[in-house]
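Taking mature numbering (1 follows the signal peptide of the UniProt record, and there is no 0), I'd label the letters of the sequence shown as residues -20 to -1, 1 to 855.
All remarks here apply to the structure that follows.
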Amino acid sequence: MKTILLSLATFLLLSHTIHAQNKPLLLSCGSPTSAKDADGRSWDSDDKFLAAGAKSVVAKASIQDPSLPSDVPYMTARIFQSEASYQFPLQNSTSRTLLRLHFYPSSYPNFNISSSYFAVVAGGVTLLNNFSASISAEALSQAYFIKEFYLAPSQSATLGVTFKPSGDKGSFAFVNGIEVVSTPPIFDSDPVLAGTVGSGGDFAAATTMPIATNSMEAMFRLNVGGQYIGPVNDSDGLMRSWYDDSVYIYGAGQGVAVGANTTVAYKGLPSYVAPLDVYSSYRSMGAYVDVNKVSNLTWVFQVDPNFMYLLRFHWCDSEMTKTNQRVFDVFINNKTAATEVDIFAMTNAIATPIKRDFVARVSNSSNGDSQLWVALHPTDRTKAQYADVLLNGLEIFKVSDTATSNLAGPNPTISDMMKKYQDAHASFAPEKSGMTTVIITGAAGGAAAVGLAFVICLFAYHRKRRDPNSEPGATTWLPISWNSSSTTMKSSMSGRSQGTGISSDAACNCRYFNLTEIRNATKNFDESNVIGVGGFGKVYKGVVDGQTKVAIKRSNPSSEQGINEFQTEIEMLSRLRHRHLVSLIGFCEDNGEMILVYDYMGQGTLREHLYKGNKIILSWKQRLEICIGAARGLHYLHTGAKYTIIHRDVKTTNILLDDKWVAKVSDFGLSKTGPDMNKGHVSTVVKGSFGYLDPEYFRRQQLTEKSDVYSFGVVLFEVLCARPALNPSLPKEQVSLADWALRCARNETLDEIIDPQIKGKVSPESLKKFMETAEKCLADHGSDRPSMGDVLWNLEFALQLHDNPEQNRSGSSKTDSVDFEQFEGKIDQNSIMAMHRSILNLEEDEEDDEEAKNQMKEGDNGDEIFSQIVNPKGR
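Following this line, the structure appears as structure tokens:
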């Protein structure tokens, strides 16, 4: 009995010891005492871990940036003016050690943060070299960031981490927080070298790369098809962050994000590999089989050249119930990583998570912009039931060079957006003075001070931002790492910080709302005020200034999607004013929020009144007037603004209707400006919505205003037929409205697909003109499509034919109307459209703000809907 009790006591003591050993070491550098962060984690002082003889200075940041999730560990720093080291006890020398370094390059008394260049060496591996946290933060437009490393197992009982300032006079090293965690066997097998897998995915014959002695840096960690997963929701207390993948998707092939329709469990996979939320959502290509067979689902990442990268794929198929239903190939940088991947065949069970590791080398590119491409493609070799792919999660790690024990890359390059911002104001930069601190925030990364008007705008802007009632420690998110060599930083992953890159002009041209005003307007985001939900987030009905109704679009706090759209929408709409464009009233970015405030559109989207349980049947005249209004808005974008603006996402959910049924084009998040359209196009990656996407743009990646014309042609047929642009439930040949309408046009059966609600109520002449216009918009080549001005002309002609069918048929007209037929071929159409545009502009100039406000105040129907992004799947 004593032996049993002794054994039990020994077991309990051992269990307690193991648990204590696995406790992560969290250090708030420079802090004299222990303190807790916003997540309730306790951070200790770093004093006792400094090596003997290490000289350092303790400093407190002068400014607390609003984007900081907590003052712990960021508001204190340990500063080294000469080489110094930490010595950390290793909890388990046979496992990898996760080392996180937290940096907040703020203003510290007696130290110029821009002079800080240093190296960091841990366990004999160079993690950072000639590293500037200030430059890094500026390039990221981020106040703080985290570097995360997985160090190879060591025979030593301690881990030495050394900070080495550069040799320049005045240079120093610093760190705000350090995490040291003994990890479970996350990297338990050697990854397969991409390009060595044989036919049929023969992994046994593939070449693998030993990684047991290599250290790694976490570069990207994505919850594919799902939402952001914060550190506190990670598995096994590893405190990892999992980000939205949509900002890395290449081209228009965004696929669809799908949630598992069954319970997902680990079923033998260690829980520390990834949280179950990763396996409970995924991205697939969708149901459009013909497109799937000739395209890929592709992600592109900017990385440091001349390194090996380990890519971990997380898969869990919660749909397929037998083999050979969904089979696909995996490519990494155009090399085959795996062929004929069948998740069900690999697991022999539904909803069973698995992972697979691959490695690939990225060399220097000719333009210095090194990229890592990941592509999935449905294979037809096995004649699978579905032409589709799926991916649940993706992690990318930079692997250390064994020969040099190096993980360090160059400092990141400032983003194009920030560079343009600085260049635009460089000629107005005054002498450095105390005013600089007024217009520079930590999140802006130290952009230069600019002219007096800009100072006034930004000073007022920042005063309004300092909301005393805002929530301290609001959650913000950061990239795990960044591309050190890219000149096109993914700003959408730069976290929900203040200073998202909005220009001074935009800041001055629309109103800034603080978060308290927004909360008051929406009754603290009460769910009863939700009037729409989309990929960007929820849309709330609100009231500002006591009586003005507005639509408030709030980014989903648990998603990283939309910061590029947020910036573009503000930059575009702050400069544009037109009767047929939705008006942006203002925005809010307090506490990492991204909120846009618009005019309230009482009648919702055009789509809702066509086939989404349409309670009001639109007459043919109403439909024509709505189409004409939308065409006027698009025509203004193409020809009336300073530069040609291409909307790039024209669809019925982005055509909104006010209380008086006036159509307004909305959602400029994907819009492109062409300052020089002499070339006739803007070369850009393909974005848009499936069903509306210009096939020529998809093939050539050359965007023109004719791409909007094609999308608008689909809208015209949607209005005519009252059916969605894509309907997978229909027979194959009818799934795409554009294809089906063109086929009916060739067969002269278009009249058979007209909405039954208006059939027989439209004059034949008007209907014929409308169908001809829509058909021309869908021409395969942009050069064969009409301009938006031509489309507007023809739609107004169709309305004239509907109102006066007999008179137009006979060629006569009244004095207050125009018989367009008598002008065709005789007068330059551009001249007439210019005259028409002048009339429109005069009308618009006569409208004042009071009239707009009065329109917003009229009526308050509980069924009124506003949604800028109803179906984001095509993004």
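Even for Gly, the Cβ is constructed at its ideal location relative to N, Cα and C.
Check: Does the count of Cβ pairs from the stretch 190 to 204 and the stretch 121 to 137 closer than 8 Å reach three?
Finding: Look at the beta carbons and you see the stretch 190 to 204 touching the stretch 121 to 137: at least three pairs across the two are nearer than 8 Å.
Next item on the list: Grab the span of the beta strand (DSSP E) containing Pro69 for me, first residue to last.
Entry: Unbroken beta strand (DSSP E) run through Pro69: 64 to 69.
- Query: From Leu683 to Arg726, what distance separates their C-alpha atoms?
  - Reply: Their Cα atoms are separated by approximately 27 Å.
Measuring CB atoms only, is the stretch 632 to 652 touching the stretch 610 to 617, in the sense that at least three cross pairs come out at less than 8 Å?
Three or more beta-carbon pairs separated by less than 8 Å link the stretch 632 to 652 to the stretch 610 to 617, which places the two stretches in contact.
> What does a CB cutoff of less than 8 Å around Ser75 pick up in its chain, not counting 5 residues either side in sequence?
Replying inline: Correct list, in chain order: Pro133, Ser162, Thr163, Pro164, Pro165.
Should Met219 go down as buried or exposed, given a rule of 16 or more other Cβ atoms within 10 Å for buried?
Under the 10 Å beta carbon count, Met219 is surrounded by 16 or more other beta carbons and is classified as buried.
Exercise. Among Gly147, Lys631, Tyr690, which has the Cα closest to the Cα of Asp764?
Worked result: Looking only at Gly147, Lys631, Tyr690, the smallest Cα-Cα distance to Asp764 is reached by Tyr690.
Check: With 16 other CB atoms within 10 Å as the buried threshold, where does Tyr84 fall?
Finding: In this structure Tyr84 is buried. Its beta-carbon is surrounded by 16 or more other beta-carbon atoms within 10 angstroms.
### Task
From the DSSP output, in three-state form, read off Asn494 for me.
Residue state, collapsed to three classes: coil.
Whose CA, out of Gln234, Ser95, Pro333, Gln122, lies closest to the CA of Gly248? Of Gln234, Ser95, Pro333, Gln122, the residue nearest in Cα terms is Pro333.
* Asked: What whole-angstrom Cβ distance do Tyr520 and Val513 have, given they're in contact under 8 Å?
  -> That belief does not hold up - the Cβ atoms of Tyr520 and Val513 are roughly 10 Å apart, past 8 Å.
Tell me, to the nearest whole angstrom, how far the beta carbon of Val141 is from that of Val105; I am working on the premise that it is less than 8 Å.
Actually they do not touch by this definition, with Cβ atoms about 10 Å apart.
Exercise for the section: With DSSP collapsed to three states, give me the class of Ser651. Expected result: Coil at Ser651, not helix or strand.
_Against chain E, does Thr528 count as a neighbour if the rule is that its beta carbon must be under 7 Å from one of theirs?_
Among the chains in the structure shown there is no chain E, since it carries only a single protein chain.
message = Between which residues of its own chain and Ala113 is the CB-CB distance below 6 Å, once the five residues before and five after are set aside?
response = Taken in chain order, the residues that qualify are Phe83, Pro85.
Item checked: Exposure label - Asn194; buried when at least 16 CB within 10 Å -> The residue is buried, with at least 16 neighbouring Cβ atoms inside 10 Å.
ask   = Mind checking whether Ala705 and Tyr672 have CB atoms under 7 Å apart?
value = Their beta carbons are under 7 Å apart, which means Ala705 touches Tyr672 by this criterion.
Q.
Please report the straight-line C-alpha distance between Glu823 and Asp639, rounded to a whole angstrom.
A. Reliability fails at Glu823, whose pLDDT of 39 lies under 50, so the model's placement of it is uncertain and the value that follows must be treated cautiously. Take the alpha-carbon of Glu823 and the one of Asp639: they are about 19 Å apart.
* Determine the direct distance from the alpha carbon of Lys712 to that of Thr632, and round the result to whole angstroms. => About 23 Å.
Fully enclosed by the stretch 738 to 773, which alpha helix (DSSP H) runs are 4 residues long or longer?
-> Those alpha helix (DSSP H) runs which fall completely within the stretch 738 to 773 and span 4+ residues are 744 to 757.
| field | CA-to-CA distance, Lys748 to Val699, given in whole angstroms | value | Approximately 14 Å, taken between the alpha carbons.
Please tell me whether Val52 and Asp17 are closer than 7 Å, where the distance is taken between their beta carbons. Contact flag set, yes.
Item checked: CA-to-CA distance, Ala318 to Met189, given in whole angstroms -> Here the alpha carbon of Met189 sits roughly 15 Å from the alpha carbon of Ala318.
If we ignore side chains and look at the alpha-carbon of each, how far apart do Leu107 and Ser116 end up? Straight-line Cα distance between these residues: approximately 15 Å.
First and last residue of the uninterrupted alpha helix (DSSP H) at Leu605: First, the residue type needs correcting, since residue 605 is Glu and not Leu in the sequence shown. Start and end: 600 to 615.
Next on the checklist: Which runs of the beta strand (DSSP E) at least 3 residues long sit entirely within the stretch 674 to 739? Give them in chain order.
Outcome noted: For the stretch 674 to 739, not a single whole beta strand (DSSP E) run of length 3 or above is found.
### Task
Consult DSSP for Leu120 and reduce its assignment to one of helix, strand or coil.
Residue state, collapsed to three classes: helix.
On the DSSP bridge list, what partners appear for Pro211? In DSSP, Pro211 forms no bridge with anything.
Distance between Gln714 and Arg603 (C-alpha atoms, nearest Å): One C-alpha to the other measures close to 23 Å.
Local conformation of Gln583 per DSSP, three classes: If DSSP states are grouped into helix, strand and coil, Gln583 belongs with coil.
Report the CB separation of Phe567 from Leu576 in whole angstroms; it is logged as a contact under 8 Å.
Between Leu576 and Phe567 the Cβ distance is about 5 Å, and since that is below 8 Å, they are a contact.
May I have the straight-line CA-CA distance separating Ile734 from Leu553, to the nearest angstrom?
Taking the straight line joining both Cα atoms gives about 35 Å.
Next on the checklist: Once the 5 residues before and after Ser651 are set aside, which same chain residues still bring their CB inside 7 Å of it?
Outcome noted: Answer for Ser651: Thr548, Met552, Ile625, Ile626, His627, Arg628, listed in chain order.
Practice item. Figure out for me which residue from Arg703, Gly526, Ser8, Ala501 has the closest Cα to the Cα of Tyr591. Key: The shortest C-alpha separation from Tyr591 is found at Arg703.
### Query
So is Ala754 buried or exposed if we call it buried at 16+ other beta carbons inside 10 Å?
Buried, because 16 or more other Cβ atoms sit within 10 Å of the Cβ of Ala754.
| Does DSSP classify Ser8 as helix, strand or coil? | The answer is strand: DSSP assigns Ser8 an E or B state.
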